[in-house]
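Each remark here refers to the structure printed beneath this line.
2 protein chains.
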Amino acid sequence: MMSGGLRIEPVPGVGEVRAGDDLAGLLGAAIPGPLGPGDVLVVAQKIVSKAEGRAVRLAGVSVTAEAAALAARIGKDPRLVQLILSESTAIVRTAPNLLIVRHRLGLVMANAGVDQSNLPGEDDRALLLPVDPDASAARLAAGLAARFGGAPAVVISDSFGRPWRMGTVNMAIGAAGLPSLIDLRGQPDRDGRILRASVVAFADAIAAAAGLVMGEAAEGIPAAIVRGLTWTAPDTDATALVRPLDQDLFQ
Amino acid sequence: MMSGGLRIEPVPGVGEVRAGDDLAGLLGAAIPGPLGPGDVLVVAQKIVSKAEGRAVRLAGVSVTAEAAALAARIGKDPRLVQLILSESTAIVRTAPNLLIVRHRLGLVMANAGVDQSNLPGEDDRALLLPVDPDASAARLAAGLAARFGGAPAVVISDSFGRPWRMGTVNMAIGAAGLPSLIDLRGQPDRDGRILRASVVAFADAIAAAAGLVMGEAAEGIPAAIVRGLTWTAPDTDATALVRPLDQDLFQ
């Protein structure tokens, strides 16, 4: 993961993405210049979910008694709480207007990643995470390979809160064509000592870096390219970044 | 925080840093080109701690009964456990060879950031975090301003594990000359909806991005420059990134 220097370029001009759109085609047309080895396309989860038709009408949601009770207790829309619970395997913490769950993908996050912003004119709809973000990343990478050749690397990012830190950072929920996690254990440090515990969340750092040019506000850019990375570790999906439940000290 | 594109440059050639060294002078000489507006120098905590004389000889550590008992229980060097406890206000979780604490700075982290790697030929020494990393960052920024003019921005970074994620990412433990946290609440999203919960951990994302060229292994680079950022929010120290204890759901 050493490098002589990186360049992070926003990918504007993708336009509004709709269910069924060819996202690789839209992104491929918007990318300034081809994707070479060491270049990673980072794509916001929102446009992946939109293209995959993961928007759900709240009016069509049947609310269980459990969801209704929880919604009343924390002060959230019961239909939204129902969607969040349907996407989750466990409730981790609750607080007023806050619901932290373990998403079925293993991700511990607020609201199971269910989002109501950025759906134009649709106050009645919420957007779920992609069904399988690693598969989404692999499909995007294949689509980009068909356009640009080579073996493009793709990260799908979403913003996460952190338990002991204020503010959000982007992390990787899907990845293809790069090592999401790099294990440096056993390599010497600069003084020849063997590093004992250095496993680097490579795809998370790439997602956070790309977030610096993507933003969330009015000018929000749905994708960015990180150029100039090098790596030798084998490819691993973003699921490698999910800490297994039996190692979770904060359930 | 929008940007037309960023460049991340490693700062090699700083050499071994010793207690009392003029770190701003060493870094200023190593930086390729001046620091302009929107450029942020990210410095690894290790060299800041070294320059500030935060290395401690284990042989000189007096171990309390509490530290000895904890060390025996989790299988760690009792002197190291003593140092960790001395740097902390609370033990958050323990597991075999793992001690997660709340550092006196409020940071929840493994081993209170106490590090035994990268101290040349000194198996007997451990390195503590700077006493006040925000003040360290401000001193570095002042030293760089004296050399380059302007008002350089500095982030001091350290690697952190995360409770539900594998691998480490770099985060900001000190900052000067930039907003560590940017509050976008109240700004419209791309479709004109008001964002309800978008507070961005700007300095953490910058630290993570810089980590992509700094690394931890043999070729470890102790600093990097992120060039091309823009921001309008007021400057805030990295302490703004520490979630207050009364909002901590995972004590």
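Residue numbers (the numbering used here), protein chains in the order written: chain R, 1 to 251; chain L, 1001 to 1251. We put the CB at the ideal spot given by N, CA and C, even for glycine. Note that the structure is predicted; figures quoted are calculated from it, not measured.
Check, Outcome
"Quick one: measure Cβ to Cβ for R171/R and D158/R, integer angstroms, because I've assumed they're closer than 8 Å.", "Residue 171/R is actually Met in this sequence, not Arg. So it is a contact: roughly 7 Å between Cβ atoms."
"For the beta strand (DSSP E) that E1009/L lies in, which residues bound it at each end?", "L1006 to P1010"
"Which runs of the beta strand (DSSP E) at least 3 residues long sit entirely within the stretch 1123-1177 of chain L? Give them in chain order.", "1125-1127, 1153-1162 and 1165-1176"
"Contact between the stretch 239-251 of chain R and the stretch 1017-1036 of chain L is defined here as three or more beta-carbon pairs at a separation below 8 Å; is this criterion met?", "no"
"Using DSSP with H/G/I as helix, E/B as strand and the rest coil, what is D183/R?", "strand"
"Candidates H1103/L, A1126/L and I1221/L: which alpha carbon is nearest I1244/L's?", "What sits at residue 1244/L in the sequence shown is Pro, not Ile. Measuring from the Cα of P1244/L, the nearest candidate turns out to be H1103/L."
"I1221/L lies in the beta strand (DSSP E); which residues open and close that run?", "Note, I1221/L: premise wrong, no beta strand (DSSP E); not H, not E."
"Between the stretch 1151-1170 of chain L and the stretch 198-207 of chain R, do at least 3 Cβ pairs fall closer than 8 Å?", "yes"
"If you drop the 5 nearest sequence neighbours on each side, which residues of the same chain put their C-beta closer than 7 Å to that of A218/R?", "Bear in mind that the predicted position of A218/R carries a pLDDT of just 45, short of 50, making it too unreliable to give a figure here."
"Could you tell me which chain L residues have their CB closer than 9 Å to the CB of I252/R, listed as they occur along the chain?", "Residue coverage of chain R in this structure runs from 1 to 251, which leaves residue 252/R outside it and unanswerable."
"Closer than 7 Å by beta-carbon distance: list the chain R residues that pair up with L1229/L, in chain order.", "L212"
"Could you compute how far the alpha carbon of T89/R sits from the alpha carbon of L105/R?", "9 Å"
"Going by CA-CA distance only, name the one from P10/R, L27/R and G36/R that's closest to A151/R.", "G36/R"
"Cα-Cα, which of G177/R, G113/R, R93/R and V213/R is closest to R1227/L?", "V213/R"
"Taking the alpha-carbon positions, what's the A1030/L to W164/R distance?", "34 Å"
"Evaluate the contact criterion for the stretch 60-72 of chain R versus the stretch 38-49 of chain R: three or more CB pairs, one atom per stretch, below 8 Å.", "no"
"To the nearest whole angstrom, what separates the beta carbons of G1075/L and N1097/L, a pair I think is in contact under 8 Å?", "5 Å"
"Report the rounded CA-to-CA distance for G177/R versus A240/R, giving the unit in angstroms.", "13 Å"
"From which residue to which residue does the alpha helix (DSSP H) around R73/R run?", "A65 to I74"
"What residues in its chain sit with their C-beta under 7 Å from that of D1235/L, if we drop five residues either side in the sequence?", "G1177, L1178 and P1179"
"Using the three-state DSSP reduction, which class does S1198/L fall into: helix, strand or coil?", "coil"
"For A9/R, which residues in chain L fall below 9 Å Cβ to Cβ?", "One point to set straight first is that residue 9/R is Glu, not Ala, in the sequence displayed. Neighbours of E9/R on chain L, chain order: G1004, G1005 and L1006."
"Do L1080/L and I1091/L come within 9 Å of each other at the CB atom, strictly closer than that value?", "no"
"What does the Cβ neighbour count give for V943/L, buried or exposed, with the cut at 16 atoms within 10 Å?", "What is shown of chain L runs 1001 to 1251, which leaves residue 943/L out entirely."
"Just to make sure I have the definition right: I need the residues of chain L whose C-beta is within less than 8 Å of the C-beta of R165/R. Which are they?", "M1171, A1201, D1204, L1241, V1242 and R1243"
"Less than 8 Å between the CB atoms is what I'm expecting for G174/R and A238/R, so what's the real figure, rounded?", "5 Å"
"Quick one: using the 10 Å Cβ neighbour count with 16 as the cut-off for buried, is D1115/L buried or exposed?", "buried"
"When you compare only the Cα positions, how much space is there between G1028/L and S1136/L?", "15 Å"
"Within the continuous beta strand (DSSP E) that includes S1086/L, where are the two ends?", "Counting along the chain, S1086/L falls outside any beta strand (DSSP E), though it belongs to the alpha helix (DSSP H) covering P1078 to S1086."
"Have a look at the DSSP bridge pairing and note the partners of I100/R.", "R93/R and A110/R"
"Can you tell me whether DSSP reads A302/R as helix, strand or coil?", "Given a span of 1 to 251 for chain R in the structure shown, any question on residue 302/R remains unanswerable."
"Mapping the DSSP letters down to three states, classify T1239/L as helix, strand or coil.", "helix"
"Can you round the beta-carbon distance between G143/R and G25/R to whole angstroms, since I take them to be within the 8 Å contact cut?", "7 Å"
"Could you tell me the boundaries of the alpha helix (DSSP H) in which A44/R lies?", "No alpha helix (DSSP H) contains A44/R, which is instead part of the beta strand (DSSP E) from V40 to A44."
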